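The block underneath contains the structure these notes are about, expressed in structure tokens.
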Amino acid sequence: MASATWSQTFTMAKKRTAYRVWLSEVMLQQTQVQTVIPYYLRFLTKFPNVTALANASLDDVLHAWAGLGYYSRARNLHKTAILIRDKFHGKFPTSLESMIALPGIGRSTASAILAFCDQQTLPILDGNVKRVLSRLHAISTVPQKNEKELWLLAQHYTPEKTDIIDYTQAIMDLGAMICTRHSPKCTECPVAQECLAYTRNETALYPVKAVKKSLPIKKIFLMVLINKKMKFS
Ligand code: SF4
1 MASATWSQTF
11 TMAKKRTAYR
21 VWLSEVMLQQ
31 TQVQTVIPYY
41 LRFLTKFPNV
51 TALANASLDD
61 VLHAWAGLGY
71 YSRARNLHKT
81 AILIRDKFHG
91 KFPTSLESMI
101 ALPGIGRSTA
111 SAILAFCDQQ
121 TLPILDGNVK
131 RVLSRLHAIS
141 TVPQKNEKEL
151 WLLAQHYTPE
161 KTDIIDYTQA
171 IMDLGAMICT
181 RHSPKCTECP
191 VAQECLAYTR
201 NETALYPVKA
211 VKKSLPIKKI
221 FLMVLINKKM
231 KFS
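Next comes the structure, spelled out in structure tokens:
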């Protein structure tokens with residue numbers, strides 16, 4: 001299990017549905033793929049579809065999430081499942097606008113769901129894809145301040161007519177399994193020859209990290225005046 005790739009996990013989970021893609025995207029937002037895999041499979045066993053998740057108590061959902069951290073993700077999953085059950089008759093919406101109006105679903109997660117399950121040609125830009133693009137183009141600004149350029153690049157690489165599912169899975173797996181945060185496996189990378197960070201031997205420099213502001217140190221002096229003649233009664 002520990003060596004399974006994310007694509008293999010989808011295969012183990014048998015069928016790619018909007019619910020499964022959504023769950024995987026949310027779990028992967030702040031957690032590494034190898035940590036996510038057992039949680040993902042357990043969660044699917046307990047809550048096999050969006051209606052089962054909506055019908056569960058929040059306590060049960062948080063219990064299944066325990067250990068993954070960032071619990072607002074689990075709360076939003078539950079809230080969104082209830083909305084989908086009650087407003088959309090248990091089916092995920094198929095427009096980007098309706099999808100991103102749901103709690104905890106951003107543009108990238110919405111696009112991944114619509115690309116995988118409705119073959120819509122939409123770019124994705126999760127944390128892993130941001131890292132790949134930042135290294136590929138040796139982008140010298142921090143990703144948080146460069147969303148617009150990164151979205152344009154993501155759009156540029158997204159195929160317009162065909163292969164949207166293969167492309168989306170490939171870029172996600174590249175970021176999660178090859179172009180990892182620490183020690184990327186550049187010799188196994190299919191885009192190594194085009195990668196500016198790799199060809200310049202500068203992979204450790206990208207994505208550029210935000211400089212932490214050093215907190216100012218303030219010194220204060222206090223003087224206590226004591227009047228020995230004062231009596232407290
Ligand atoms: S060559 Fe290395 S740094 Fe560049 S995209 Fe591939 S894995 Fe990432």
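Using this note's numbering, read the sequence shown as starting at 1 and increasing by one per residue. The beta-carbon is built from N, C-alpha and C at its ideal position, and this holds for glycine as well. These figures come from a predicted structure and were not determined experimentally.
Q | Cβ-Cβ separation, L114 to T94 (assumed contact under 8 Å), whole Å | A | Confirmed, Cβ separation roughly 7 Å.
(Q) I'd like the list of long-range same chain contacts for F43, defined as Cβ closer than 6 Å, with 5 residues on each side in sequence excluded. (A) Result list for F43: A64, in chain order.
Q) Any idea what DSSP makes of A2, helix, strand or coil? A) For A2, the pLDDT reaches just 34, beneath the cut-off of 50, and the residue's location in the model is therefore unreliable, although a value from the coordinates is still provided. A2 sits in coil when the DSSP states are folded into three classes, being neither helix nor strand.
Q. Mapping DSSP to helix, strand and coil, what is Q169?
A. Note: Q169 maps to helix in three-state DSSP.
(Q) Using 8 Å as the cut-off, can you tell me whether the region 202 to 214 makes contact with the region 150 to 158, which would need three or more C-beta pairs spanning the two stretches below that distance? (A) In short, these stretches do not touch, since the Cβ pair count stays below three.
Q: Find out if the Cβ-Cβ distance for the pair Y167, C186 is shorter than 7 Å.
A: The answer is no: Cβ separation not under 7 Å.
Q) Between which two residues does the alpha helix (DSSP H) containing G67 stretch? A) No alpha helix (DSSP H) contains G67, which DSSP labels as neither H nor E.
Q: With distances taken Cα to Cα, identify the nearest neighbour of A18 among E194, S111, A176.
A: Among E194, S111, A176, the Cα nearest to that of A18 belongs to S111.
Q: From the DSSP output, in three-state form, read off I82 for me.
A: Looking at I82 - three-state DSSP - the assignment turns out to be helix.
(Q) I need the DSSP call for T45, collapsed to helix, strand or coil. (A) Three-state result, T45: helix.
Q.
What does the Cβ neighbour count give for S183, buried or exposed, with the cut at 16 atoms within 10 Å?
A. Answer is exposed; the Cβ neighbour count stays below 16.
Q) So is the beta-carbon of Y198 under 6 Å away from any non-hydrogen atom of ligand 1? A) It does: the Cβ of Y198 is within 6 Å (strictly closer) of some heavy atom of ligand 1.
Q) Does DSSP put I217 in a helix, in a strand, or in coil? A) I217: coil per DSSP, three-state reduction.
**Q.** Check: T187 C-beta below 6 Å from any heavy atom of ligand 1
**A.** Every heavy atom of ligand 1 is 6 Å or more from the Cβ of T187, so no.
**Q.** Assumed close pair K150, K130 - CB separation to whole angstroms, cut-off 8 Å
**A.** Just to set this straight, residue 150 is Leu in the shown sequence, not Lys. With a Cβ gap of about 6 Å, L150 and K130 count as contacting.
Q | Which listed residue (A56, D118, D126, N146) has its alpha carbon closest to that of T109 | A | Out of A56, D118, D126, N146, D126 has the C-alpha closest to the C-alpha of T109.
Q. How many angstroms separate the CA atom of A56 from the CA atom of Q30?
A. About 24 Å.
Q.
Going by beta-carbon coordinates alone, are P207 and P123 separated by less than 7 Å?
A. No; because the gap between Cβ atoms is not below 7 Å, this pair is not in contact.
Q: Measure the alpha-carbon distance for S3 versus L53 and round it to whole angstroms.
A: Unreliable positioning characterises S3 in this predicted model, as indicated by a pLDDT of 41, which lies under 50. A coordinate reading is not provided.
Q.
With the cut-off set at 7 Å, would you say C179 and V132 are in Cβ contact?
A. Closer than 7 Å, so yes.
Q. Can you give the Cα-Cα distance for G175 and R73, rounded to whole angstroms?
A. Their backbone Cα atoms lie some 21 Å apart in a straight line.
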